[in-house]
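Working notes, structure below.
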Amino acid sequence: MTASDGQTPCLAIRRETINAWERRAPLTPVHVKKLVKKGIRVLIQPSNRRAFPIQDYVAVGAIVQEDLSEAQLIMSVKAVPIQELIPEKTYAFFSHTIKAQTENMPLLDAVLHRVSIHSKFLHAEEDF
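Structure, rendered in structure tokens:
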């Protein structure tokens, strides 16, 4: 499988940093296994708080590393701090920016100005 730019598709799961208690993950090891089988590289930042142990991700083919810059898509549960956004990357995370909450507007501005917007959508298949 190759991305539109000819590279091997690569996505990343970033460490949650907004809330110290956050244990959720945007993808489970079961999801990662399916992605890896389809030829997608999956990077994951280490975290000792995630609900799933890092070893479970490694066992299904994820690569543990701090640097997520090679990923075309970076996923997290909660918003990414503005200073940690990597320019020209696509992000998938939950945020309240659609509600026009004042405290979330700087992040929306940063995403709109610093991160490329792609006309691609993450599509989860029914069996995913």
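Quick note on numbering: numbering that gives the first Met the number 0 labels position 34 of the sequence shown as 33, and the sequence is numbered without any gaps. Positions of the beta carbon are idealized from the N, C-alpha and C atoms, including for glycine.
Using C-beta distances below 7 Å, list every residue in its chain close to residue i, excluding the 5 sequence neighbours before and after it, in chain order.
| i | result |
| --- | --- |
| P105 | I81 |
Between which two residues does the beta strand (DSSP E) carrying residue i extend?
| i | result |
| --- | --- |
| I43 | 40-43 |
| L72 | 72-74 |
| A61 | First-last for A61: undefined, no H or E at that position. |
Would you kindly report the start and end of the unbroken alpha helix (DSSP H) that includes residue i?
| i | result |
| --- | --- |
| A58 | 53-58 |
| L34 | 28-36 |
Within 10 angstroms of its Cβ, does residue i collect 16 or more other Cβ (buried), or is it exposed?
| i | result |
| --- | --- |
| D108 | exposed |
| K88 | buried |
| A58 | exposed |
| A70 | buried |
Whose CA, out of the options, lies closest to the CA of residue i?
| i | options | result |
| --- | --- | --- |
| V29 | G60, T16, S75 | G60 |
| I85 | R13, L26, A24, P45 | R13 |
| V35 | F92, A19, R23, A11 | A11 |
| S75 | Q64, S94, P8, I62 | S94 |
| A24 | K32, K33, S46, K37 | S46 |
| A91 | T101, I73, Q100, E102 | I73 |
| D66 | Q44, V57, D55 | Q44 |
| T16 | S68, I62, K77 | K77 |
| K32 | Y56, E102, T101 | Y56 |
Output needed for residue i: all residues of its chain with C-beta closer than 8 Å, excluding positions within five of it in sequence on either side, in chain order.
| i | result |
| --- | --- |
| T27 | F51 |
| I39 | M0, T7, P8, C9, L10 |
| D126 | Because D126 sits at a pLDDT of 47, beneath the cut-off of 50, its placement in the model cannot be relied upon, and the point is left open. |
| E21 | E15, R48, V76, K77 |
What residues in its chain sit with their C-beta under 6 Å from that of residue i, if we drop five residues either side in the sequence?
| i | result |
| --- | --- |
| Q64 | L42 |
Decide yes or no for the touch test of the segment 70-84 against the segment 46-60: beta carbon pairs closer than 8 Å, at least 3 of them.
Short answer: they don't touch.
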